[in-house]
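Report on the following structure.
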Amino acid sequence: MHAITYDAPRSLEQALALLRQNGPAARVFCGGTDIIIQMRAGVRRPEHLIDAKGIPELRKLSFDAKKGLCLGAAVSCIEIFESALMRQHYPGLTEAAHLIGSLQIQARASVGGNLCNGSPAADSTPALIALGAVARIASARGERKVPVDQFVTAPGRTVLEPDELLVEVHVPAPVNHSADAYLRFIPRNEMDIAVVGVGAAVTLEGERCVAARIGLGAVAPTPLLADAASKALVGSKLDARAIERAAELAVSASSPIDDMRGTAEFRRHLVGVLTRRAVGLAVERARAC
Ligand SMILES: Cc1cc2nc3c(=O)[nH]c(=O)nc-3n(C[C@H](O)[C@H](O)[C@H](O)COP(=O)(O)OP(=O)(O)OC[C@H]3O[C@@H](n4cnc5c(N)ncnc54)[C@H](O)[C@@H]3O)c2cc1C
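First residue of the sequence shown? That's 566 in this note's numbering, and the numbers climb one at a time after it.
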């Protein structure tokens, strides 16, 4: 490894000033579970690392029944899993955070880092997409908001400019009879990257679905919102036929590749299976609350 300057700012202003001064040579990090491995492998070579874990805004996990969830970029996956509020209101996102690596990894890794890393196979991103999450981005020039389904632009690339950092993601408040779920397939029991990941969120009014979103991971260059599949559920009674139609449309929205974890054909098959199951689980939860 080359020499690196390390800073651990205690305020957002300090972090943004460091980013402005150091430009593309600097990189913000949270848990370091992606970036340290990438630096060792020579994939990324930042000269300046800005440790975001000491910045209060990025450590905030707050929930309001009207305003929803503010999840600071540096909140660790284990903090998410241990939060009773998260498990109650956003079980799918909580499941996704709890699938990331081992407990040791989850003690460091963050959902913010998972998103900013820009991997098409990131587990928490399809769950955030299903929930309609919005990223709050800051730089010394000001702030902007970007829907999570538009945040990753290519493998390893995001909308973030070199002087910007992710402060938090905002997830709308769950309404009555709404719920989410996240499922992934990996070839072994744990500690592997998703072959396919599917996040689903539904809202019911009586028997009828009034809102639905399906997020897909590991089946395209970026995590994506399966828009037509989501819309196909709205207005339906979420019976087997409606869910099957959504699964078919989710398969059509995917454009997977062959790699060592699975063939494109196998991935398309999994998109159908996991969409049916994730939507089914979200519906079961929404009916129960
Ligand atoms: C053994 C192991 C198993 C893993 N298993 C999984 C898994 O099952 N599923 C999965 O999805 N991932 C997995 N990962 C990858 C990794 O743990 C996750 O992507 C994790 O969520 C990254 O979070 P982090 O806080 O450690 O990110 P970091 O390494 O801190 O950052 C990741 C990237 O995002 C940028 N970044 C981080 N925070 C910000 C910010 N606030 N603003 C701007 N840029 C930022 C960094 O510069 C870096 O490029 C695994 C990794 C390891 C080592």
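Cβ atoms here follow ideal geometry from the backbone N, Cα and C, with glycine treated the same way. It should be emphasised that the depicted structure is a prediction, and the values quoted were computed from it without experimental measurement.
Going by C-alpha positions, S743 is about 12 Å away from V844. Our two residues, P574 and A703, have alpha carbons roughly 15 Å apart in a direct line. Of the candidates G678, L781, A692 and S627, L781 places its Cα closest to the Cα of L814. If you look at A719, you'll find it in the beta strand (DSSP E) that goes V717 to A719. Inter-segment contact for the region 660-677 and the region 704-723 is absent: fewer than three beta-carbon pairs are separated by less than 8 Å. Residue pairing by DSSP places Y571 opposite L614 in a beta bridge.
In the DSSP assignment, V816 falls outside any beta strand (DSSP E) and within the unbroken alpha helix (DSSP H) covering A805 to A818. Rounded to the nearest whole angstrom, the C-alpha separation of A818 and L623 is 33 Å.
Here the region 726-733 does not lie against the region 750-762, with fewer than 3 beta-carbon pairs under 8 Å apart. Judged by the Cβ position, V761 fails to qualify as a neighbour of ligand 1 at the 7 Å threshold, every heavy atom of the ligand being at least this far. Look at L696 here: in three-state DSSP terms it is coil, with no helix or strand label.
If only complete runs of 3 or more residues are kept, the region 718-754 shows the beta strand (DSSP E) at 730-736 and 743-750, in order along the chain. If you compare the alpha carbons of A785, A591, C854 and T598 with that of S667, the shortest gap goes to T598.
For the pair L584 and I615, the CB atoms are nearer than the 8 Å cut-off. Note that the region 633-646 does not touch the region 821-832; fewer than 3 beta-carbon pairs, one per stretch, sit closer than 8 Å. Under DSSP, D629 takes part in a beta bridge, and its partners are G633.
Taking the CA atoms as reference points, V799 sits about 32 Å from R722. For P685, there is no enclosing beta strand (DSSP E), as DSSP marks it with neither H nor E.
Taking a cut-off of 8 Å for Cβ pairs, the region 774-790 and the region 685-705 touch, as three or more such pairs fall below it. For G666, the Cβ falls inside the 7 Å cut-off from some heavy atom of ligand 1. C-alpha of I602 to C-alpha of A847: approximately 35 Å in a straight line. In this structure D714 is buried. Its beta-carbon is surrounded by 16 or more other beta-carbon atoms within 10 angstroms. For N587, the closest C-alpha among the options I600, C595 and Y571 is that of Y571.
Looking only at A606, I643, A759 and G762, the smallest Cα-Cα distance to V676 is reached by I643.
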